[in-house]
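Written as structure tokens, this is what we have:
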């Protein structure tokens, strides 16, 4: 299994600012994923990040709002830009396991509150 | 777009009671099915999965789930719950053989009273 860490674990930010969330994995992985879990709701995939290529965004999410970097096989960042209170969520990164087909290991999440 | 429905938002049980959580999905083709669990203060982790073969799959901690293709369902069961089963449970689906994108249900919070 993969061990995933995220920084920061939580933050409180003012509207209009940006926050970059880091995701570190203890092994090399091809695909990393970023999810959002809004209060009282389920996890929604934001984008898939492959090393060496542009991230692939899901419907409703755009690069200008959620730029992603994937500089190597163990690290990725997600930036939440120009934040509003509606961006208050838990943001999680995950990686695909060797089992594939959607079996993923998840990080602990970053709890973001925008005031 | 496919969707995943979990029937119960919050379930409260006493220890030793049986648990069944419903999950239905809306995708007509081949699917891969998962139950993930998040214990208080811990990461989301895999409880069990179904790719193919025997539709009754067993996971960790005594949990099992049954895939009923005709009903588009993948219900989670445990015959006798423990206080430590208090957690949030998520059903999730990926379609087909080459699609890794998980679609999650809304989650069910299970509270087990000692």
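Residue numbers (our numbering), protein chains in the order written: chain R, 20 to 134; chain B, 1495 to 1608. The beta-carbon is built from N, C-alpha and C at its ideal position, and this holds for glycine as well. Remember, predicted model here, so these are calculated numbers, not experimental data.
1) Would you give the residue range spanned by the beta strand (DSSP E) that residue 1584 of chain B belongs to?
2) Taking C-beta pairs closer than 8 Å, name the residues in chain B that residue 115 of chain R reaches, listed in chain order.
3) Cβ closer than 7 Å: which chain R residues qualify as neighbours of residue 1540 of chain B?
4) Assuming residue 1560 of chain B is part of the beta strand (DSSP E), what are its boundary residues?
5) So is residue 1569 of chain B in contact with chain R if we call contact Cβ pairs under 8 Å?
6) Cutting at 7 Å between CB atoms, please list the residues of its own chain near residue 77 of chain R, excluding the five before and the five after it.
7) Please list the partners that residue 1588 of chain B has in chain R, where partner means a Cβ-to-Cβ separation under 7 Å.
8) What three-state label does DSSP hand residue 24 of chain R in the structure shown?
9) Among the residues of its own chain, which have a CB less than 6 Å from the CB of residue 104 of chain R, if the five just before and after it don't count?
10) Which residues bound the beta strand (DSSP E) around residue 69 of chain R?
11) For chain B, check one thing: does any of its Cβ atoms lie closer than 8 Å to the Cβ of residue 125 of chain R?
12) Tell me whether residue 104 of chain R sits in a helix, a strand or coil according to DSSP, three-state version.
13) Between the region 1511 to 1531 of chain B and the region 113 to 125 of chain R, are three or more C-beta pairs nearer than 8 Å?
14) How long is the line joining the alpha carbons of residue 1583 of chain B and residue 36 of chain R, rounded to whole angstroms?
15) Do residue 1575 of chain B and residue 1521 of chain B have their C-beta atoms within less than 8 Å of each other?
Let's see:
1) As a first step, residue 1584 of chain B is located in the second chain; it is residue number 90 there, counting from the start. First-last of the beta strand (DSSP E) with residue 1584 of chain B: 1581 to 1589.
2) Numbered from its first residue, the first chain carries residue 115 of chain R at position 96. By Cβ distance, chain B contributes 1594.
3) By 1-based counting over the second chain, the position of residue 1540 of chain B is 46. Within chain R, the residues near residue 1540 of chain B are 122.
4) Locating residue 1560 of chain B in the second chain gives position 66, where the first residue counts as 1. First-last of the beta strand (DSSP E) with residue 1560 of chain B: 1558 to 1562.
5) The count along the second chain starts at 1 and reaches residue 1569 of chain B at position 75. Residue 1569 of chain B does not count as touching chain R.
6) Taking the first chain and counting its residues from 1, the one referred to as residue 77 of chain R is at position 58. Within the same chain, residue 77 of chain R has close Cβ partners 64, 65, 66.
7) The residue labelled residue 1588 of chain B in the question sits at position 94 within the second chain. By Cβ distance, chain R contributes 120, 121.
8) As a working mapping, residue 24 of chain R is identified with position 5 in the first chain. Three-state DSSP puts residue 24 of chain R in a strand.
9) Start at 1 with the first residue of the first chain, and residue 104 of chain R comes out as number 85. Here the set comprises 133.
10) Locating residue 69 of chain R in the first chain gives position 50, counting from the first residue. From DSSP, the beta strand (DSSP E) with residue 69 of chain R extends over 62 to 69.
11) One-based indexing of the first chain puts residue 125 of chain R at position 106. Taking Cβ atoms only, chain B reaches closer than 8 Å to residue 125 of chain R, which makes this a yes.
12) The sequence position of residue 104 of chain R within the first chain is 85, counting from 1. Of the three classes helix, strand and coil, the one that applies to residue 104 of chain R here is helix, per DSSP.
13) yes
14) Your numbering for residue 1583 of chain B matches position 89 in the second chain. Your numbering for residue 36 of chain R matches position 17 in the first chain. C-alpha separation (whole angstroms): 33 Å.
15) Counted from its first residue, the second chain places residue 1575 of chain B at position 81. Counted from its first residue, the second chain places residue 1521 of chain B at position 27. No, the Cβ-Cβ distance between residue 1575 of chain B and residue 1521 of chain B is not below 8 Å.
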